[in-house]
Amino acid sequence: MSDYAVQVRDIVKTFRKGSVRALDGVSLDVPRGQVFGLLGPNGSGKTTMVRILSTVLAPDSGSATVGGFDVVKQADAVRRTIGLAGQFATVDENLTGYENLRMVGRLNHMTTKLVLARTHELLGQFGLDDAAHRPVKTYSGGMRRRLDLAAALVAKPPLLFLDEPTTGLDPQSRQDLWAVIESLVEDGVTVLLTTQYLEEADRLAKQLVVLDHGKIIAQGTPSELKANLGNTVLSLTFATTDDALRGVELVREVSEKPVNVDGTVVELTVSSGPAAAADALRRIDGAGIGLKGLDLREPSLDDVFLNLTGHKADDEVASPLVDAKRRGRKVAP
Amino acid sequence: MNTTTSPRGLTGTVTRAAVALKWAASDVLTVARRNLMALIRIPTSLVFTMLQPVMFVLLFRYVFGGAIKTSDPGGYVNFLIPGILVQTTVFGAVNTAIGLAEDLQRGLIERFRALPMARSAVLMGRTVSDLFRNVLILIVLTLVGFAVGFRPHGGVVAYFQASALMLMFAFCLSWGFAYIGLAAPNSETAQAMTFPLVFPITFASSIFVPPTSMPSWLQGFAENQPVSQAAHAVRGLMLGTPHGNASWITLGWAIAALVILAPLATRKYRRAA
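Protein chains in written order, with the working numbering: chain L, 639 to 971; chain G, 3 to 275.
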């Protein structure tokens, strides 16, 4: 058996009769027993990839195996291998938490005895004992996500697809969910996780792939990616856009990374924040330009994107998500 | 469950097919049960579902009925109630479209697709649960009918035959509405899309008035279209009056609808994103 839980080769998926290339020749290998992160902004193709790997969508071309089974030719075997949770797969509002898990167990063709045992076990494990017999519509956002994850785990799948599992959650619920995912991996589960959050990928994923416009633009461990990025972002705010444009020329040599201008704000990624800030201030002051503000901050996913692609993560309005948009689901800001 | 004894032989194949069929049936029941739970969890929706046909009964019985002349024994109320029963079961198919559009919109179908369940179970579960829903409505409406003076003389057996016929007719029709539900971007649009379909076939029909009162260009359609045939058949069976081949024609329409619409809906389900 292959060492990889998921193998993807040259997957292409287009929407709107080929005018939108959601995935444009993506290949990747997900090793067993760890969290593999798929990082990217809205519309980068993350969700499309998860949907193809969970047999919900068929690729236009290319091939993929999940647990050794072909996602197109052996779709049923793939479905027996995976659990799916996240932004699109969901739970039934009108059923109770208990009923939701029981339904998923039945549809997984487990015996009644096993379904009941598993349902009770998961409700306890996810802190939903008290809410077990309340309709899901009375649940909080965090409780829903936990139930959603529990539903994906009913059949004890060795492989879990989590599509933006913490998007829209408060920090405490996010921490709780991270702890659950970590304990699953300790038990030997392989997790393919999509996220927009660098922090989440950093905490959970052993390996990362960064997607943009349906293509892989970077891959490696989180620390490798961050090492490429620099440690700090220096943000300078000028009084006018003209000042900002003059400022860009002055600070261009402070960092070897590209400088970004957005209106009156100039940003650059640097390896040593204080030194770079002092250097930049000297240059700007020397030219007699006034500064309105100066800020040093941790690099975000936006900065990763800026450095990798030269454009911001939210530059485009998620066009590859047309299918999702059509359904009135979440659309990029 | 024993498929290992003769894995390559005919018995093995038959046993495996039987197991697959057993699970498919179990999946259909699981999905149907889940749909019916929603009916219990949102009782107001059930109440309003019942209220609409009851209003139709009262409206046509007491407001319009006096102006409508029919030749049926027992007067207009005996003409009206079988018609409204057919209208209501046909309207029930709209629920199939709305329910599926909602499940698609909320992402539940996404979850179902990633489960190793029978591919046909989501659509089948929906149409089956809507059949149950129609049975409930039929019972309530029959009672309301009796309360406002409906007196059928066709006998109990014929009454059940008539009920079975219209339930089957609506079930077959609901596969077409399943297609609409899967094609619609959301449940509101799904509902709106069914209106231009449901209104002409239930009103330009023999459900409320005899088509002889309509202009000649409309009469031909109103007399022969499938819903009118169903109304003829149900009325004839319940009242014990002659209705020609209407039962067989209705059955024919139902089977034709199922044979054409079910594969279309299933294909749409496989492709709907």
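Even glycine gets a Cβ: it sits at the ideal position worked out from N, Cα and C.
query                                                                                                                  : result
Three-state secondary structure assigned by DSSP to Phe223 (chain G)                                                   : helix
Residues bridged to Leu934 (chain L) [DSSP beta-bridge criterion]                                                      : L:Leu872
Neighbourhood of Ile203 (chain G) by C-beta, 8 angstroms cutoff - its chain only, sequence neighbours within 5 removed : Val92, Gln227, Pro228, Val229
Chain-ordered chain G contacts of Arg718 (chain L) [CB-CB under 8 angstroms]                                           : Pro118
Coarse secondary structure for Val792 (chain L), derived from DSSP in three states                                     : coil
First and last residue of the uninterrupted beta strand (DSSP E) at Val899 (chain L)                                   : 897-900
Alpha helix (DSSP H) segment containing Phe674 (chain L), residue limits                                               : From DSSP, Phe674 (chain L) is part of no alpha helix (DSSP H) but of the beta strand (DSSP E) over 673-677.
Three-state secondary structure assigned by DSSP to Tyr642 (chain L)                                                   : strand
Positions along the stretch 746-768 of chain L whose CB lies within less than 8 angstroms of some CB in chain G        : Asn746, His747
CB contact check: Asp29 (chain G) to chain L, cutoff 7 angstroms                                                       : yes
Rounded separation between Val704 (chain L) and Ala856 (chain L) - CA only                                             : 22 angstroms
Residue interval of the alpha helix (DSSP H) (run including Ser176 (chain G))                                          : 158-185
Residue ranges of each alpha helix (DSSP H) within the stretch 737-793 of chain L, 4 or longer                         : 750-763, 779-791
Gly101 (chain G) vs Arg128 (chain G) beta-carbon contact at 7 angstroms                                                : yes
Under 7 angstroms between C-beta atoms of Thr828 (chain L) and Gly724 (chain L)                                        : no
Alpha-carbon to alpha-carbon, Asn746 (chain L) and Leu807 (chain L)                                                    : 28 angstroms
Top-ranked residue by Cα proximity to Thr804 (chain L), from L:Glu838, L:Val892, L:Val644, L:Thr879                    : L:Glu838
Under 9 angstroms from the C-beta of Ser692 (chain L): neighbouring residues of chain G                                : Glu112, Arg115, Ala116
N-terminal and C-terminal residue of the beta strand (DSSP E) that Gly702 (chain L) is part of                         : For the sequence presented, residue 702 (chain L) should be read as Ala rather than Gly. Looking at the DSSP string, the run of the beta strand (DSSP E) that includes Ala702 (chain L) is 699-704.
Interface residues of chain L facing Arg36 (chain G) [CB-CB closer than 7 angstroms]                                   : Asp730, Leu733, Met741
Complete runs of the alpha helix (DSSP H) confined to the stretch 182-270 of chain G [at least 4 residues]             : 189-205, 218-226, 228-241
Rounded C-alpha distance that separates Phe764 (chain L) from Cys174 (chain G)                                         : 43 angstroms
Reduced DSSP category for Pro118 (chain G) - H, G, I as helix; E, B as strand; rest coil                               : coil
Beta-carbon neighbours of Thr32 (chain G), restricted to chain L and to distances below 7 angstroms                    : Met741, Arg744, Leu745
Cross-strand partners of Pro669 (chain L) (DSSP beta bridge)                                                           : L:Tyr642
Min CB distance Leu787 (chain L) to chain A below 7 angstroms                                                          : The structure shown has no chain A; the protein chains it does contain are L and G.
Contact list for Trp250 (chain G) against chain L, beta-carbon separation under 9 angstroms                            : Near Trp250 (chain G) there are no residues of chain L at all, since even the closest Cβ is about 39 angstroms away, more than 9 angstroms.
Beta-carbon separation (whole angstroms), Asn732 (chain L) vs Ala40 (chain G), contact threshold 8 angstroms           : 4 angstroms
Leu822 (chain L) (DSSP reduced to helix, strand or coil)                                                               : helix
Any chain G beta carbon closer than 7 angstroms to Leu722 (chain L)                                                    : yes
Residues bridged to Arg647 (chain L) [DSSP beta-bridge criterion]                                                      : L:Ser701
Closer than 7 angstroms to chain L by CB, Thr20 (chain G)                                                              : Reading off the sequence shown, one finds Ala at residue 20 (chain G), where the question assumed Thr. No - not a single Cβ of chain L is within 7 angstroms of the one on Ala20 (chain G).
Coil, strand or helix - Glu802 (chain L) by DSSP                                                                       : coil
Beta carbon proximity, Gly109 (chain G) to chain L, threshold 7 angstroms                                              : yes
Three-state class that DSSP yields for Lys844 (chain L) in the structure shown                                         : coil
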